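In this text, residue positions in the sequence shown follow this note's numbering: the first is 14, and each later residue adds one. Here a beta-carbon is modelled for each residue, glycine too, at the ideal position from N, C-alpha and C. Fair warning: this is a prediction, and the values are worked out from it, not measured in the lab.
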Amino acid sequence: SNGTAAAGTDYRSRSGTLTFTAGVTSTTISVPVLGDKLPEPNETFNVTPGNAVNATIQRSVGIGTIVDDDAPQPSVSVNDVTVQESGSAVFTVTLSVASQNTVTVAYATADGTATAGGDYTAVSGSLTFGPGQTSQTVAVSTGDDTLAEPSETFQLVLSNASGATVLDGTGVATIVDDDGTVTPLLSINDVKINEGNSGTRNVTLTVTLSSASTQTVTVNYATVDGSATAPSDYQAQTGVLSFSPGVTSQTIRVAVVGDRLREPTEVFYVDLAGATNASIQKSRGAVTIPAND
C-alpha cells in the first residue's frame, strides 16, 4: 500500500501468499521499484501481512524506503541591474545547477520609485529551462525624459517555480538619470491694467519655472513703489510662492485702486527674491497703469 510513494509511479504493487514449510523461519517478498530522474525526497510504501495460519502476527507493517539518488533540486535566482534612462534593463535568471528535467518560473515587473508606463514598460511571462540549461534573460525597456531627477528603481519578481525552488526572487533595476543636474530658472512677467474709476480690480502676474523640478521650489515676492504708490494706487503685498514637484507656474494677484483723477501713466513692481531649489532669471515684474481719465 502507498505511503509517500505511489504505486505505478514509484513502485509496482504486489500481493500474494507466503508459505513457511515445517522448520523454515524466513522468506522474502520482492517489490520492484521504478526509477526516475526527478530530484525528490525519500519516499515510502508499506507491506502488510494478514490472515496468518498456524501463527500470530507480531509486527503487522513492513516499510520500504526508496532513497532518492538524483541530483538535488536546483534553485532559481535573478540578479540586480543598473541601466540608463534611454536603455533596456536586462535581468539574468539562473539555476544553481543544471537539471535533468524542464524547469519553469513566472516573472512580472513591479513598481518601486519608478512607475510603469512612464519610467519603464511593464512585462510579465514565464521562462522555461530545458534539461541542462542554467540561464535565461528578461529585457525591460526604460523610458527617457528631460527631467533632472534622482535615480529610480523597479523590480522583476519571480514566482510559481516548477522543478526548482526560488532562492532570490526579486531583481532590482536602478534607472540612472542621464539629464544631469539642471537648476530651473524663475521669471515673472510684466502686465498692464486699467485702474477703473472706483473700487479695486485685481491684476495677475505669472511666475514661471523654466523646467519642472523634482523638488519643491519656493520664492519670496513683494510689491515695490514706482510712480504708482501704495496704498493710493494699489494695495501692497508680500508673500511666498511654492511650486510642488512638476508644477511650473504660479500667480500673484495685486489689487489696483481706481479713481477719477487725471494723472499720467503710472507703474509699480513685484520683485522676486530668496529662491530655494531654483535661480531667479527675471526678478522684477512691472505693472503699468495707463492714463485713462
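Proximal residues to residue i (C-beta, below 7 Å), its chain only, five neighbours per side dropped
{"i": "Ser252", "result": "One point to set straight first is that residue 252 is Gly, not Ser, in the sequence displayed. Taken in chain order, the residues that qualify are Tyr234."}
{"i": "Asp124", "result": "Phe167"}
{"i": "Gly259", "result": "Ala225"}
{"i": "Ser164", "result": "Thr187, Ile188, Val189, Asp190"}
{"i": "Asn92", "result": "Phe104, Thr105, Gly184"}
{"i": "Ala249", "result": "Thr236, Ala243"}
Residue i burial status per 10 Å Cβ neighbour count (16 or more: buried)
{"i": "Ile201", "result": "buried"}
{"i": "Phe104", "result": "buried"}
{"i": "Leu285", "result": "buried"}
{"i": "Leu51", "result": "exposed"}
{"i": "Gly184", "result": "buried"}
{"i": "Val46", "result": "exposed"}
{"i": "Ala288", "result": "buried"}
{"i": "Thr122", "result": "buried"}
{"i": "Asp23", "result": "buried"}
{"i": "Gly298", "result": "buried"}
{"i": "Leu31", "result": "exposed"}
Separation of residue j from residue i, as counted between CA atoms
{"i": "Asn114", "j": "Glu53", "result": "12 Å"}
{"i": "Gln97", "j": "Asp238", "result": "51 Å"}
{"i": "Ile188", "j": "Ser137", "result": "19 Å"}
{"i": "Asp83", "j": "Arg72", "result": "32 Å"}
{"i": "Ala119", "j": "Asp181", "result": "13 Å"}
{"i": "Ser154", "j": "Ser148", "result": "20 Å"}
{"i": "Asn290", "j": "Gly143", "result": "54 Å"}
{"i": "Ser99", "j": "Ala152", "result": "13 Å"}
{"i": "Leu274", "j": "Ser211", "result": "10 Å"}
{"i": "Val110", "j": "Gly16", "result": "30 Å"}
{"i": "Ala65", "j": "Thr57", "result": "24 Å"}
{"i": "Leu169", "j": "Gly131", "result": "17 Å"}
{"i": "Leu140", "j": "Thr128", "result": "24 Å"}
Close-in-space but distant-in-sequence residues of the same chain around residue i (CB under 8 Å, 5 per side omitted)
{"i": "Ser292", "result": "Thr196, Pro197, Leu198, Leu199"}
From the options, residue whose alpha carbon lies closest to that of residue i
{"i": "Val37", "options": "Phe58, Gly21, Ala68", "result": "Ala68"}
{"i": "Asp203", "options": "Asn210, Thr213, Leu218, Asp190", "result": "Leu218"}
{"i": "Ser240", "options": "Thr178, Ile76, Thr264, Ala304", "result": "Ala304"}
{"i": "Asp272", "options": "Gly209, Thr61, Thr264", "result": "Gly209"}
{"i": "Asp246", "options": "Val232, Ile206, Ala152, Ser257", "result": "Ile206"}
{"i": "Ser43", "options": "Ser26, Thr32, Val94, Leu169", "result": "Ser26"}
{"i": "Gln294", "options": "Pro277, Val220, Ile265", "result": "Val220"}
{"i": "Thr41", "options": "Leu171, Ser28, Ser112", "result": "Ser28"}
{"i": "Val283", "options": "Val232, Glu276, Pro277", "result": "Val232"}
Under 8 Å between C-beta atoms of residue i and residue j
{"i": "Val80", "j": "Asn55", "result": "yes"}
{"i": "Val300", "j": "Val270", "result": "no"}
{"i": "Thr229", "j": "Ser262", "result": "no"}
{"i": "Gln86", "j": "Ala177", "result": "yes"}
{"i": "Thr94", "j": "Ala102", "result": "Reading the sequence as shown, one finds Val at residue 94 and not Thr. Cβ atoms of Val94 and Ala102: closer than 8 Å."}
{"i": "Ser9", "j": "Val116", "result": "Residue 9 is absent from the structure shown; the chain starts at 14 and stops at 306."}
heavy atom of the ligand COA below 7 Å from residue i C-beta
{"i": "Asn215", "result": "Among the ligands in the structure shown, none appear at all, so the ligand COA cannot be discussed."}
Cβ shell of residue i (< 6 Å), same chain only, five flanking positions each side left out
{"i": "Asn173", "result": "Ala119"}
{"i": "Ser223", "result": "Pro197, Leu198"}
{"i": "Asn215", "result": "Arg266, Ala268"}
{"i": "Ser14", "result": "Asn59"}
{"i": "Thr278", "result": "Pro303, Ala304"}
Beta carbon proximity, residue i to chain D, threshold 8 Å
{"i": "Ile201", "result": "Structure shown: chain D not included; a single protein chain is present."}
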